[in-house]
Amino acid sequence: METLTIDNLRVEYRSRAVGEPVKTAVKGLNLRVAQGEVFGFLGPNGAGKTSTMNVLLGFVPPTSGTARLFGVDVREPIARQRIGYLPEQTYYYKFLTAEELLRFYAEIFQIPKAERSQRIDAVLKLVELDHARTRQIKTYSKGMQQRAGLAQSLINNPDLLILDEPTSGLDPIGRMKVREIIQRLKSEGKTVFFSSHELGEVETVCDRIAILHQGELKTEGRVSDLLREHGTNLEQIFLKIIGHPPPP
Amino acid sequence: MNTIWALAKIVVLEMVRRKDFYVLFILTVLLTGTAGSVNLFNDNSIVRYLKEICLLLIWAASLVIAITCTARQIPAEREQRTIFPLLAKPVTRAQFLLGKFLGCWVATGMALLVFYVFFGIVSASREQHWPVLNYLQAGLLHWLMLAIVIALTLLGSIVFAAPSSNGTICFVCTAGILLLGRHLNKVALGLTEPLQSLLYGVYFAIPHLELFDVRDLITHNWDLIPWGMMVLATLYAAAYTAFFLTAAWLIFRRRPLN
Ligand SMILES: Nc1ncnc2c1ncn2[C@@H]1O[C@H](COP(=O)(O)OP(=O)(O)O)[C@@H](O)[C@H]1O
Ligand SMILES: [Mg+2]
Chain Z
7 METLTIDNLR VEYRSRAVGE PVKTAVKGLN LRVAQGEVFG FLGPNGAGKT
57 STMNVLLGFV PPTSGTARLF GVDVREPIAR QRIGYLPEQT YYYKFLTAEE
107 LLRFYAEIFQ IPKAERSQRI DAVLKLVELD HARTRQIKTY SKGMQQRAGL
157 AQSLINNPDL LILDEPTSGL DPIGRMKVRE IIQRLKSEGK TVFFSSHELG
207 EVETVCDRIA ILHQGELKTE GRVSDLLREH GTNLEQIFLK IIGHPPPP
Chain B
426 MNTIWALAKI VVLEMVRRKD FYVLFILTVL LTGTAGSVNL FNDNSIVRYL
476 KEICLLLIWA ASLVIAITCT ARQIPAEREQ RTIFPLLAKP VTRAQFLLGK
526 FLGCWVATGM ALLVFYVFFG IVSASREQHW PVLNYLQAGL LHWLMLAIVI
576 ALTLLGSIVF AAPSSNGTIC FVCTAGILLL GRHLNKVALG LTEPLQSLLY
626 GVYFAIPHLE LFDVRDLITH NWDLIPWGMM VLATLYAAAY TAFFLTAAWL
676 IFRRRPLN
């Protein structure tokens, strides 16, 4: 069984103003991600990556088509029991400390009391926020906030992680940390589905990628196959596919 | 239930850690304290008058706390985008709304408890008379009324985009019902059709919040309300609260978040 299945997905945004055209963000997307894969979801800004993820998380209903996580329709809240999610922009309750935030989410996941503290310790250690656990999140730097976000996405020990541009805005060390965490999760057999503009990074960590452009799937396949087929690096392939051939 | 309670605890925690709430709180306590401690000729009517002012203050403060706290909840979750990591977890929209409702209700209940206990101690210690059950009934009915107000405000925060306009609308509606609600049928009698039927319709549809206002129980030391009536009042409040929460859920259930 696939971890993530998207069939014929179409996402339209209807604006409230009368007469304004309907904006189609995703057009007939089909995608499958198998268990244990690290999958890079690529595309220029406005391609529809966040919109697709919004459907996967139940924020936006699909206009047509279906999306499933672990075989359960995404409209069922239970589909989200085994996933972790890091939004594109992360903001957390500013009046909470990292530890309180994680405890809150642990309660939401109904993690048994006995395991909660252990789980919180483990994720804080993983994202290296152990020293700042009792500080309110509003006092954190951007990199620390991003890591707090990553910690909350891991609190339920998810089998599938959905990360929306997890490395955007991070310094090189922060990016390396995120990459390390992704690789570590992969070695534990977890599935990671993430969007990114850092193509060099994608090339090193991803098993497979898909390139989305203007809501349509342009390419999908194993990174190694694509590199061999095109005989160049991922960045050149990306530019070629979205219609920006490199200067001669 | 655990999920709803976890959500509610966050609302309470936020309120406890916010400073603006303390301002209102200290202000009310100070006013109540001063009003309660001035000893004017030990005249009974003046004492009663002071108590009335204090209770009015408590009522106004509780409405401000309930409405401002509730009106902010969902808009703040969306503005600060905290709703995204939250609803990406196995939380239904219904649990989300119920958690917010419960949190606001418990938080205002806590404020209410402090107000009444403080006021009770100030006035009872001067009168050497401890009508605990009177306070309990008055406070309980007050709290039940706030449940309706909070549910209404929560519904408003989903219907209206701006939290400030929602807060104002809810405050005006609540104050209007409290002051005019019981007179609407009499006003209707003096009107022509179809206005008369319309106003009668309004009279029967609105939650009669003024029924929960039993401040006289404290100022005039009235006899206790029969407990059967208390049960009826609870059911009445529960019905309206459930109605507003259901309406909020029906709208919020399918609303896209982006
Ligand atoms: N709430 C919205 N209302 C209208 N259009 C939107 C909304 N959200 C996104 N869009 C549009 O949908 C398209 C896809 O956006 P998005 O999914 O955010 O792209 P990406 O994440 O790949 O940058 C864009 O053209 C964007 O303008
Ligand atoms: Mg995006």
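These protein sequences, in sequence, are chains Z and B. So the first sequence is residues 7 to 254, counted in our numbering. So the second sequence is residues 426 to 683, counted in our numbering. In this text, a Cβ means the ideal position worked out from N, Cα and C, and glycines have one as well. Please read all numbers here as calculations on a predicted model, not as lab measurements.
Does the Cβ-Cβ distance between G592/B and I492/B come in under 8 Å? For the 8 Å CB-CB criterion, G592/B and I492/B form a contact.
Flag T56/Z as yes when its Cβ comes closer than 7 Å to any non-hydrogen atom of ligand 2, and as no otherwise. For ligand 2, at least one heavy atom lies less than 7 Å from the Cβ of T56/Z.
Quick check: what's the CA-CA separation for Q124/Z versus A519/B? In this structure, the CA atom of Q124/Z is about 30 Å from the CA atom of A519/B.
Given that a residue counts as buried once 16 or more other Cβ atoms are within 10 Å of its Cβ, and exposed if not, what is I14/Z? Going by the sequence as given, residue 14/Z is Asn instead of Ile. The residue is exposed, with fewer than 16 neighbouring Cβ atoms inside 10 Å.
In its own chain, which residues sit with a C-beta less than 7 Å from the C-beta of A112/Z, not counting the 5 before and 5 after it? Excluding the 5 residues flanking it on each side, A112/Z has same chain C-beta neighbours closer than 7 Å at R122, R125, I126, I161, in chain order.
Could you give the DSSP three-state label for Q189/Z: helix, strand or coil? Q189/Z falls in the helix class under three-state DSSP.
So P509/B contacts chain Z; which residues on that side make the cut at Cβ distance below 8 Å? This sequence places Phe at residue 509/B; Pro is not what is there. Going along chain Z in sequence order, the residues near F509/B (Cβ under 8 Å) are L63, F65, Y91, P93.
Check whether the Cβ atoms of T58/Z and V32/Z sit closer than 8 Å, and answer yes or no. Going by C-beta atoms, T58/Z is nearer than 8 Å to V32/Z.
Provide the residue span of the beta strand (DSSP E) that contains L558/B, from first to last. No beta strand (DSSP E) holds L558/B; the alpha helix (DSSP H) holding it covers 557 to 584.
Mind reading off the beta-carbon distance from A673/B to I583/B? Whole number of angstroms is fine, and I expect it under 8 Å. Contact flag correct, Cβ pair sits at about 5 Å.
State yes or no: is the beta carbon of L512/B nearer than 8 Å to at least one beta carbon in chain Z? Yes, because at least one Cβ of chain Z sits closer than 8 Å to the Cβ of L512/B.
Quick check for students: name the residue ranges of the alpha helix (DSSP H) that lie wholly in the stretch 77 to 130 of chain Z, counting only runs of 4 or more. The qualifying runs are 104 to 114.
So with Cβ pairs under 8 Å, would you call N60/Z a contact of chain B? Interface flag for N60/Z against chain B is set, since a Cβ pair is found closer than 8 Å.
Mapping the DSSP letters down to three states, classify D213/Z as helix, strand or coil. If DSSP states are grouped into helix, strand and coil, D213/Z belongs with coil.
Looking at chain Z, is there any beta carbon in it that lies within less than 8 Å of the beta carbon of P556/B? False, the Cβ-Cβ gap to chain Z never drops below 8 Å.
Going by C-alpha to C-alpha distance, which of P93/Z, T103/Z, Y91/Z, L223/Z sits closest to Y146/Z? Measuring from the Cα of Y146/Z, the nearest candidate turns out to be T103/Z.
For the beta strand (DSSP E) containing K29/Z, name the first residue and the last one. Its beta strand (DSSP E) spans residues 29 to 39.
Sub-8 Å separation of E18/Z and T69/Z beta-carbons: Yes, Cβ-Cβ distance for E18/Z and T69/Z is below 8 Å.
DSSP three-state call for L75/Z: helix, strand or coil? Three-state DSSP puts L75/Z in a strand.
Using 8 Å as the cut-off, can you tell me whether the stretch 521 to 538 of chain B makes contact with the stretch 430 to 438 of chain B, which would need three or more C-beta pairs spanning the two stretches below that distance? The stretch 521 to 538 of chain B makes contact with the stretch 430 to 438 of chain B; the number of CB pairs closer than 8 Å reaches 3 or more.
Could you tell me whether the Cβ of P83/Z comes closer than 8 Å to any Cβ of chain B? It does: the Cβ of P83/Z has a partner Cβ on chain B nearer than 8 Å.
Could you tell me whether the Cβ of L682/B comes closer than 8 Å to any Cβ of chain Z? True, the Cβ-Cβ gap to chain Z drops below 8 Å.
Looking at chain B, is there any beta carbon in it that lies within less than 8 Å of the beta carbon of Y111/Z? With 8 Å as the cut-off, Y111/Z counts as an interface residue toward chain B.
is_contact[F101/Z, chain B] using C-beta, thresh 8 Å: Closer than 8 Å: yes.
Can you give the beta carbon distance from I205/Z to E241/Z, rounded, assuming they're within the 8 Å contact cut? Per the sequence presented here, residue 205/Z reads as Leu, with Ile not at that position. That belief holds up - the Cβ atoms of L205/Z and E241/Z are roughly 5 Å apart, short of 8 Å.
Minimum Cβ-Cβ distance from P515/B to chain Z less than 8 Å: For P515/B, the answer is yes, since a Cβ of chain Z falls inside 8 Å of its Cβ.
Could you check what DSSP says for L63/Z in three-state terms: helix, strand or coil? DSSP places L63/Z in the coil class of the three-state scheme, outside both helix and strand.
The stretch 109 to 137 of chain Z: positions lying closer than 7 Å to chain B by Cβ: Contact residues of the stretch 109 to 137 of chain Z toward chain B are F110, Y111, E113, I114, F115, Q116 (C-beta to C-beta distance below 7 Å).
Answer yes or no: do L670/B and L522/B have a C-beta to C-beta separation smaller than 8 Å? Cβ atoms of L670/B and L522/B: closer than 8 Å.
List the residues that DSSP assigns as beta-bridge partners of D13/Z. When beta bridges are read from the DSSP output, D13/Z appears opposite T72/Z.
Where does the unbroken alpha helix (DSSP H) through I483/B begin, and where does it stop? That run of the alpha helix (DSSP H) goes 469 to 504.
Let's test the definition: count the other Cβ atoms within 10 Å of the Cβ of W652/B and tell me whether it reaches 16, buried, or not, exposed. With fewer than 16 other Cβ atoms within 10 Å, it is exposed.
C-beta contact flag for V44/Z and V198/Z at 8 Å: Yes. Within cutoff.
Determine, for N646/B, whether the minimum Cβ-Cβ distance to residues of chain Z falls below 8 Å. N646/B does not count as touching chain Z.
Do I573/B and T666/B have their C-beta atoms within less than 8 Å of each other? Yes, the Cβ-Cβ distance between I573/B and T666/B is below 8 Å.
Quick one: what does DSSP say K224/Z is sitting in, helix, strand or coil? Strand, per DSSP.
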